[in-house]
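Visitor: Just passing along the structure, written as structure tokens.
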Amino acid sequence: MSWTMLLLGFAGMVVGQFMAILDIQIVAASLPQIQAGVGASADEISWIQTAYLIPEVVMIPLSGFLSRLWGTQRLFLASCAGFVLMSVATGLSNSIDTMILFRAIQGFVGGAMIPTVFAVAFTAFPPERRVTASVVMGLIVTLAPTVGPTLGGHLTEWLSWRWLFFINVGPGLLVMFLVGRYGAFDRGDASLAKGFDWWGLGLMAAFLMSMQFVLEEGAKNDWFDDTHILLLTVVAAIAGPFFIWRSLSYRQPIVELRAFANRNFLVGFVMTFIVGFALFGGTFLLPLFLGRVREYSSAEVGTTMVVSGLAMFATGPFAGRLVRLLDARVLMFCGFMMCAWGMWEAHTVTEDWGFWQFASVQAFRGVGVMLAMIASQQVTMSTLPPHMVKNASGLVNLARNVGGAFGLAILNTSLTTNTALHMAELTSSIDQSSQGMRQMMAGMTQRFAESIDPAGAAMKALYGILTRQATTLAFGDAFALLGIMCAGAAFITLLSRPVRAPAGAPPSDAH
């Protein structure tokens, strides 16, 4: 295959990957408008995101097997066509039930577009060009969830929420043209269909979908106080070990787990999990704070979040050069420490923080995540033999998604618990008999003199002030937790073996 054809085919795949990752977060800022459009309840509307993510986690590791069976080109074209079709169907939906169904299918079929790009970057590109491909993928993976809420918010304001899904049609057709014309990277092996591991697929689906549901919905439903959460936790706890046993013992497993015997892959897998935690956690916390505490509109949230995207975009080319010059472990360490510093800086957040106060937080986080992402890709994939790369790419992408799900679950629980804790501390510290407190309440009562119950309105206003302060303190705790996680990850990177970007030799099978 010529260099131009390889680039055009890979470019098509990158656009498809961007669409699939973007669609996780593109609805985040527009859920109220979608809720009004389809007449959904507050509980139902959260399933617009959850229904996409749960089936997607099954397809991501499964795509490695399907790519070897059908070939990368056929799998990617089928995935993109299904994704575009389901995007249109979701946009045309008039009820929440049909919308959730189409979003679930969209997430499942579109999931194959994410890991296959990684596999092509590490198998089709010559060794000296892999870092460049890695930088491009790093930009896509980090930018897509960051710009998702911004783009979604503006699209909803300019056109309507239905265009969150219709917008996929144009890029989807471009992807199918480029991949269909230039994406013949490999050939499938039809003999793999014989002895397909249906039991392995069932166990994997039960394990991953149950785990994802628990992580997505657990914080909202008080975890194990909810019967469904408890039941699905038991299902995941049983199906998980059986799936691992089946994958290690069956002659032709759906997911090849032997890549974990490679020390760098194992360390890189853990790093990617924490990158997912930092990437999705930061993208979750900041818009939530701006909306809940500052009461920003989706457009204002998008404008504030742009710093993170710009920092990532500006870092990409430099990160590519640094990976070629330095030990990847040094870059991972520096990246995670920068991310930790940015997140820790926000632990002193107040209810007055806006664009400028969050600018340095986002800049440090954006640069750090980009460095850690590109370096961890190099560490994870570079010492694997070529025949393991397709399966390994699925596992790495699964680690990032599951890391993000764990991050959101932990941060959600932290916010709920710490808000209640800070509220109790604030209310207990108020001395209602003090002169200052009596004067403040008298002043507030006078302000609400024209209401039906001035004293009651004053108490309600005081409760609102305390709630806002408790919520702000809880966000500070959550930012600190994210910073501590990133700092811990920085030291785990030192467990990997030294890896440099290859200058011309194929990757070796180092264990």
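First residue of the sequence shown: 813, per this note's numbering; consecutive thereafter. For every residue, glycine included, the Cβ atom is placed at its ideal position computed from N, Cα and C. These numbers were taken from a predicted model, which means no experiment stands behind them.
(1) Can you check which of these residues, Ile-1056, Val-870 and Ser-899, is closest to Ile-912 by C-alpha distance?
(2) Measure the CB-CB distance between Val-953 and Ile-1304 and report whether it falls below 8 Å.
(3) Could you pull the start and end residues of the alpha helix (DSSP H) that Tyr-994 belongs to?
(4) Would Leu-1143 and Leu-1134 be called neighbours here (beta carbons separated by less than 8 Å)?
(5) Do you know how far the Cα of Val-826 is from the Cα of Cys-1132?
(6) May I ask you to verify whether the stretch 1029–1043 touches the stretch 1079–1088, counting CB pairs closer than 8 Å and requiring at least 3?
(7) From what residue to what residue does the alpha helix (DSSP H) around His-1199 run?
(8) May I ask you to report which of helix, strand or coil DSSP gives Trp-975?
(9) Tell me whether Tyr-1108 sits in a helix, a strand or coil according to DSSP, three-state version.
(10) Per DSSP, what kind of secondary structure is Pro-938 in: helix, strand or coil?
(11) Around the Cβ of Glu-1107, are there at least 16 other Cβ atoms within 10 angstroms (buried) or fewer (exposed)?
(12) What are the boundary residues of the alpha helix (DSSP H) that includes Gln-847?
(13) Can at least three beta-carbon pairs, one atom from the stretch 1160–1172 and one from the stretch 1186–1203, be found at a separation below 8 Å?
(14) Label Pro-844 either buried or exposed according to how many other C-beta atoms from any shown protein chain fall within 10 Å of its C-beta, with 16 as the threshold for buried.
(15) In this structure, does DSSP put Pro-867 in helix, strand or coil?
(16) Grab me the residues of Ser-1188's own chain with a C-beta within less than 7 Å of its C-beta, minus the 5 sequence neighbours each way, in chain order.
(17) Quick one, which of Arg-1104, Leu-1137 and Phe-1130 has its alpha-carbon nearest Thr-1284's?
(18) On a Cα-Cα basis, can you pick out the residue from Arg-999, Thr-902 and Ala-1290 that is closest to Thr-1160?
(19) For a test of the three-state rule: what should DSSP assign to Gln-1064, helix, strand or coil?
Guide: On the basis of the supplied data:
(1) Of the candidates Ile-1056, Val-870 and Ser-899, Ser-899 places its Cα closest to the Cα of Ile-912.
(2) Cβ distance not < 8 Å, so Val-953 and Ile-1304 don't count as in contact.
(3) Residues 981–994.
(4) Yes, the pair counts as a contact, with Cβ atoms nearer than the cut-off.
(5) Cys is not the amino acid found at residue 1132; the sequence shown has Gly there. One C-alpha to the other measures close to 17 Å.
(6) Using a C-beta cut-off of 8 Å, the stretch 1029–1043 makes no contact with the stretch 1079–1088, since fewer than three inter-stretch Cβ pairs fall below that distance.
(7) Looking at the DSSP string, His-1199 is not in any alpha helix (DSSP H), and its letter there is neither H nor E.
(8) Three-state result, Trp-975: helix.
(9) Of the three classes helix, strand and coil, the one that applies to Tyr-1108 here is coil, per DSSP.
(10) Three-state result, Pro-938: coil.
(11) The residue in question, Glu-1107, is exposed, as its Cβ has fewer than 16 Cβ neighbours within 10 Å.
(12) That run of the alpha helix (DSSP H) goes 843–850.
(13) Short answer: they don't touch.
(14) Result: exposed.
(15) In the structure shown, Pro-867 adopts helical secondary structure according to DSSP, grouped into three states.
(16) Here the set comprises Gly-1080, Met-1083, Thr-1084, Val-1087 and Met-1144.
(17) With respect to the C-alpha of Thr-1284, the residue from Arg-1104, Leu-1137 and Phe-1130 having the closest C-alpha is Arg-1104.
(18) The shortest C-alpha separation from Thr-1160 is found at Ala-1290.
(19) Looking at Gln-1064 - three-state DSSP - the assignment turns out to be coil, as it is neither helix nor strand.
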